[in-house]
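*Asks:* The sequence shown runs 2 to 337 under the numbering used here. Quick reminder that beta carbons are idealized off the backbone N, C-alpha and C, glycines included. Values in this document were obtained by computation on a predicted structure and should not be read as measured data. The following block contains the structure, expressed as structure tokens.
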Amino acid sequence: MNYSLICHDKKTQMYQPEAEIALRPGFLQIEIEKAAICGSDYMVLNGTHPYKQYPAILGHEFIGKVVKTSSDVPFNKGQWVTGLSYGACEECAACQNGLGNHCENKVTYNTAGSSGAFTRNMIAHYSSLLPLPEQENIAEQYVLSEPLSIIVHAMRKVDFSSANKIAIIGAGAMGLLSAIYCHEEKGMASITITDNLAARQQFTQSLGFSAVKNLHQENENSIDILIVAGGSELDLDEYLKYLAPAAQIVLISYFDTRSSIDMNTLVRKEVTLHGSFLSDKDDLQVAIDIIQRTAKTSSNLKKIISQAIHFSELRDFMLNQSSVGKVVVNQPGVLL
Numbered sequence: 002m003n004y005s006l007i008c009h010d011k012k013t014q015m016y017q018p019e020a021e022i023a024l025r026p027g028f029l030q031i032e033i034e035k036a037a038i039c040g041s042d043y044m045v046l047n048g049t050h051p052y053k054q055y056p057a058i059l060g061h062e063f064i065g066k067v068v069k070t071s072s073d074v075p076f077n078k079g080q081w082v083t084g085l086s087y088g089a090c091e092e093c094a095a096c097q098n099g100l101g102n103h104c105e106n107k108v109t110y111n112t113a114g115s116s117g118a119f120t121r122n123m124i125a126h127y128s129s130l131l132p133l134p135e136q137e138n139i140a141e142q143y144v145l146s147e148p149l150s151i152i153v154h155a156m157r158k159v160d161f162s163s164a165n166k167i168a169i170i171g172a173g174a175m176g177l178l179s180a181i182y183c184h185e186e187k188g189m190a191s192i193t194i195t196d197n198l199a200a201r202q203q204f205t206q207s208l209g210f211s212a213v214k215n216l217h218q219e220n221e222n223s224i225d226i227l228i229v230a231g232g233s234e235l236d237l238d239e240y241l242k243y244l245a246p247a248a249q250i251v252l253i254s255y256f257d258t259r260s261s262i263d264m265n266t267l268v269r270k271e272v273t274l275h276g277s278f279l280s281d282k283d284d285l286q287v288a289i290d291i292i293q294r295t296a297k298t299s300s301n302l303k304k305i306i307s308q309a310i311h312f313s314e315l316r317d318f319m320l321n322q323s324s325v326g327k328v329v330v331n332q333p334g335v336l337l
């Protein structure tokens, strides 16, 4: 028997027999090989996500194999795939304008009324999926495709041409992926990551990046790009004095509390503020290509996977531990 881990309420997840769901047009059934825990999964579990609801099968970072399709999808049984965290209708005004991440009829995973990756067989819309490179044993690091695509999407907005110094708030997976992308893909050498947790600081340093609790030792007016990749009860104002004139701020994280910012300082320093929401299939393909290209190099991408747990450990792990790096879940849907 296969199982789903279903989040019913704040701090409440239960293993339940997997429900059999009939495929609607445009949908596929994917046997999940590996999943990963996202910060948004913790937000749903902790009741702080801005729009996702219960009951929900969490998880949207995955690799898996197509096992069943409806007749109108461009995938075949046996194909290895990964996907975005949503499916798009491809017909609404947003989709027609190339903004599928803002689709008016979006199918969002790991929320009430849809599927998620913390189960054996995930039901996904074809529009969210891309095939993975053909190989007999798919590489584990492809589970990073979706979170890396979020970084690709965000960094498309940034002008790196005159930037010298980057600061990143948050040493969770998104902060680390931001640092790796900026260093390995954009050639940025001066990157500092802030985080309150000592364990995350140590892990960040093991990847070769500077990690500190705050920016107090930085010179004022010295940061060219500030990437906000996390932060509970974050006060952005305290970072503004460190921004250089014409600096850029990139927001890639949801916040669990309201934040304020001194607009006069943004005006005076001519700071550009970029909001970035999800990613699209072009971003996902870039992420897949990066993972394939760096698989046999010394890239830090594979090193960001810090731990692998079995599906049977997942419920208690999410309740009792704060993850460092990216945690992969093996054999979703299978209880020992």
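Quick one, which of ILE31, THR205, SER313 has its alpha-carbon nearest LEU337's?
*Replies:* Taking only the C-alpha atoms, the option nearest LEU337 is SER313.
*Asks:* If you follow the beta strand (DSSP E) that CYS8 is in, where does it begin and where does it stop?
*Replies:* Per DSSP, CYS8 belongs to the beta strand (DSSP E) from 4-10.
*Asks:* Taking a contact to mean a Cβ-Cβ separation below 7 Å, would you say SER254 touches GLY231 in this structure?
*Replies:* yes
*Asks:* Give the secondary structure of LYS282 by DSSP, where H, G and I count as helix, E and B as strand, and everything else as coil.
*Replies:* If DSSP states are grouped into helix, strand and coil, LYS282 belongs with the helices.
*Asks:* Considering only residues of the same chain and omitting the five flanking positions on each side of GLN286, which have a CB-CB separation below 8 Å?
*Replies:* LEU131
*Asks:* Thinking C-alpha only, which one of LYS107, GLY101, HIS61, ALA200 is nearest SER324?
*Replies:* ALA200
*Asks:* Considering only residues of the segment 79-127, which uninterrupted alpha helix (DSSP H) runs meet the minimum length of 4 residues and lie entirely inside it, listed in chain order?
*Replies:* If we require 4 residues or more, the alpha helix (DSSP H) runs fully inside the segment 79-127 come out as 94-97.
*Asks:* By Cβ distance, which residues of its chain are closer than 6 Å to SER179, with the 5 residues on each side in sequence left out?
*Replies:* ILE152, ILE169, ILE228, ALA230
*Asks:* Would you mind stating whether TYR127 and GLY117 have Cβ atoms separated by less than 7 Å?
*Replies:* no
*Asks:* Helix, strand or coil: how does DSSP classify LEU59 here?
*Replies:* coil
*Asks:* Which of helix, strand or coil does DSSP assign to ILE33?
*Replies:* strand
*Asks:* For a minimum of 3 consecutive residues, which ranges assigned as the beta strand (DSSP E) are wholly contained in the segment 236-318?
*Replies:* 244-252, 273-276, 306-311
*Asks:* Can you tell me which of the three DSSP states SER71 falls into?
*Replies:* coil
*Asks:* Using the Cβ count rule (16 or more neighbours within 10 Å means buried), how would you classify PRO148?
*Replies:* PRO148 counts as buried, since no fewer than 16 other beta carbons sit within 10 angstroms of its beta carbon.
*Asks:* Using only CA atoms, which one of SER71, TYR16, LYS69, ASP10 lies nearest to ASN47?
*Replies:* ASP10
*Asks:* Return yes when the Cβ of PHE204 is within less than 7 Å of the Cβ of LYS187, no when it is not.
*Replies:* no
*Asks:* Hey, out of GLY60, ALA113, MET2, VAL159, whose CA is closest to LEU85's CA?
*Replies:* If we check each option's Cα against that of LEU85, GLY60 comes out closest.
*Asks:* For MET175, which residues in the same chain have their Cβ closer than 8 Å to its Cβ, ignoring the five residues on either side in sequence?
*Replies:* Non-local C-beta neighbours of MET175 in its own chain, meaning closer than 8 Å and more than five positions away in sequence, comprise GLY40, PRO148, ILE151, ILE152, ALA230, GLY231, ILE253, SER254, ordered along the chain.
*Asks:* Which residue from ARG121, GLN54, ALA248 puts its Cα closest to that of ASN222?
*Replies:* Scanning ARG121, GLN54, ALA248 for the CA closest to the CA of ASN222 turns up ALA248.
*Asks:* Distance, Cα to Cα, THR258 vs ASN102?
*Replies:* 23 Å
*Asks:* The alpha helix (DSSP H) that contains MET175, what's its start and end?
*Replies:* 174-185
*Asks:* Taking its Cβ as the centre, do 16 or more other Cβ atoms sit within 10 Å of MET15, making it buried, or is it exposed?
*Replies:* Label assigned to MET15: exposed.
*Asks:* Have a look at the DSSP bridge pairing and note the partners of GLN14.
*Replies:* Paired residues: CYS8.
*Asks:* Taking buried to mean at least 16 other C-beta atoms within 10 Å of its own C-beta, is SER115 buried or exposed?
*Replies:* buried
*Asks:* Whole angstroms are fine: how far does the CA of ASN301 sit from the CA of THR273?
*Replies:* Each residue's alpha carbon lies about 29 Å from the other.
*Asks:* Mind the definition here: the segment 77-84 touches the segment 51-66 only if three or more C-beta pairs lie below 8 Å; say whether that holds.
*Replies:* yes
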